[in-house]
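Peer 1: Going by UniProt numbering, the sequence shown runs without a break in its numbering and finishes at 348. Think of the CB as a built atom: it goes at the ideal place given N, C-alpha and C, for glycine as much as any other residue. Please read through the structure below; I'll follow up with questions.
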Amino acid sequence: MNPYVFAILLSSLGLGTTLTFASSHWLLAWMGLEINTLAIIPLMAQHHHPRAVEATTKYFLTQATAAAMILFASTTNAWITGEWDINNMSHPLASTMAMTALALKIGLAPMHFWMPEVLQGLDLLTGLIMSTWQKLAPFALIIQVAPTIDPALLTSLGLLSTLVGGWGGLNQTQLRKILAYSSIAHMGWMIIILQYTPQLTLIALGTYIFMTSAAFLTLKMASTTKINTLTTTWSKSPILATTTALTLLSLGGLPPLTGFMPKWLILQELAKQELPLTATLMALAALLSLYFYLRLCYAMTLTISPSTTNSITPWRALTTQSTIPLALSTTIALGLLPITPAVLTLTT
């Protein structure tokens, strides 16, 4: 892709998200979401491959549907209340419709079906943008409209997303689909706690972005998109294989890694709100996700010589990828748990 075009598309992505962040008017927020969608579509379709074109088309249709629903919800709200303000979604019909549309935007269950398919058709860097940056603008709107939404809806969306994210990833062999289901499960954790302490949602979103960035950049560095090519990573770079296994365990939420922090705080808050059943279901759903991360770790670390692996070692050329973003995101994805009190102080 032409570097000037690439720079324009990336700056448009930044502009769209910033516009949504800064807006208090529904039309301006909608415009930001549309700029965001239109800017990432050429990045998705840059490899002229039928799979990439199919993924781009699916993404465009789902995002356009969600944007139309947001516009319809905000117009309905303006018609009923005479207000276009995002914080003034006083009618339950309009706020439920807006929440459903935003859930479709970020891929919450049961509106998640597009996400694994789309992510599977993209290259790893575009997949990284879709899994992290593209979540920010809809999340900003979700946090603003959350106080007006029925708590039962938020709880059911959160629980269903963590369960679907856990179940869906169990039978996958493609790493991008596994990361898509991982994303759905993490979104569920963020949504379930939103009505009680939005600060924990922000902590969970921040840690999710760093852990997912580390995972995608590692896979890009190792030139791998399937489990059976992941098994031969150790022969190319043993240290990378070690950090990848730790990053995956961090995504699963095991102590003493960063990923344990948001899960621990969210379960603690759910217990404080006297919701032991919800907390138990969330913890059990996290075990489902942990199983497929452990499966990846097993494939990576327990197939090291002298154990045998059935897969053929692929040719891996020397990569031109910058290692600084990978090193930074991996460090953050592995080592933030000890500073949990400081993170809590900063956000509250």
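Determine the contact status of residue 91 and residue 100, defining contact as a CB-CB distance below 8 angstroms.
Peer 2: no
Peer 1: If you reduce the DSSP assignment to three classes, tell me which class residue 144 lands in.
Peer 2: helix
Peer 1: Looking at residue 257 and residue 265, is the spacing between their C-beta atoms short of 8 angstroms?
Peer 2: no
Peer 1: Where residue 31 and residue 9 are concerned, what is the direct C-alpha to C-alpha distance, given to the nearest angstrom?
Peer 2: The alpha-carbon atoms of residue 31 and residue 9 are separated by roughly 16 angstroms.
Peer 1: Count the other CB atoms within 10 Å of the CB of residue 263; is the residue buried (16 or more) or exposed (fewer)?
Peer 2: buried
Peer 1: What does the alpha-carbon distance come out to for the pair residue 146 and residue 108?
Peer 2: 15 angstroms
Peer 1: Look up residue 226 in the DSSP assignment and give the residues it is bridged to.
Peer 2: 174
Peer 1: In the structure shown, what three-state DSSP assignment does residue 112 receive?
Peer 2: coil
Peer 1: Can you tell me which residues form a DSSP beta bridge with residue 25?
Peer 2: Partner residues in the beta bridge of residue 25, as assigned by DSSP, are 85.
Peer 1: Nearest-angstrom Cα distance between residue 194 and residue 214?
Peer 2: 25 angstroms
Peer 1: My output table needs one value for residue 51: the three-state DSSP class, helix, strand or coil.
Peer 2: helix
Peer 1: So residue 349 is in the alpha helix (DSSP H); what residue range does that whole segment cover?
Peer 2: In the structure displayed, the chain extends from 1 to 348; residue 349 sits before or after that span and is not available.
Peer 1: Can you tell me whether residue 186 is buried or exposed, with buried defined as 16 or more other CB within 10 angstroms of its CB?
Peer 2: buried
Peer 1: Using a Cβ-Cβ cut-off of 8 angstroms, state whether residue 187 counts as contacting chain D.
Peer 2: Absent from the structure is chain D; it holds one protein chain and no more.
Peer 1: Grouping DSSP H, G and I as helix and E and B as strand, with all else coil, what is residue 1?
Peer 2: Three-state result, residue 1: coil.
Peer 1: Between the Cα of residue 17 and the Cα atoms of 129, 328, 240, which residue gives the shortest distance?
Peer 2: With distances taken between Cα atoms, residue 17 lies closest to 129.
Peer 1: Does the segment 161 to 178 come within contact of the segment 280 to 295, defined as at least 3 CB pairs closer than 8 angstroms?
Peer 2: yes
Peer 1: Along the chain, which unbroken stretches of the alpha helix (DSSP H) at least 4 residues long are found entirely within the UniProt domain "NADH dehydrogenase subunit 2 C-terminal" (290 to 343)?
Peer 2: 324 to 335, all fully within the UniProt domain "NADH dehydrogenase subunit 2 C-terminal" (290 to 343).
Peer 1: Are residue 329 and residue 251 closer than 8 angstroms when you measure CB to CB?
Peer 2: no
Peer 1: By how many angstroms is the C-alpha of residue 48 removed from the C-alpha of residue 280?
Peer 2: 46 angstroms
Peer 1: In this structure, how does DSSP classify residue 250 when only helix, strand and coil are distinguished?
Peer 2: helix
Peer 1: Classify residue 272 as buried or exposed, calling it buried when 16 or more other Cβ atoms lie within 10 Å of its own Cβ.
Peer 2: So residue 272 counts as exposed.
Peer 1: If the criterion is Cβ atoms closer than 8 angstroms, does the pair residue 358 and residue 160 meet it?
Peer 2: One cannot answer for residue 358 here, as it falls past the ends of the chain, which runs 1 to 348.
Peer 1: Please classify residue 168: does DSSP put it in a helix, a strand, or coil?
Peer 2: If DSSP states are grouped into helix, strand and coil, residue 168 belongs with the helices.
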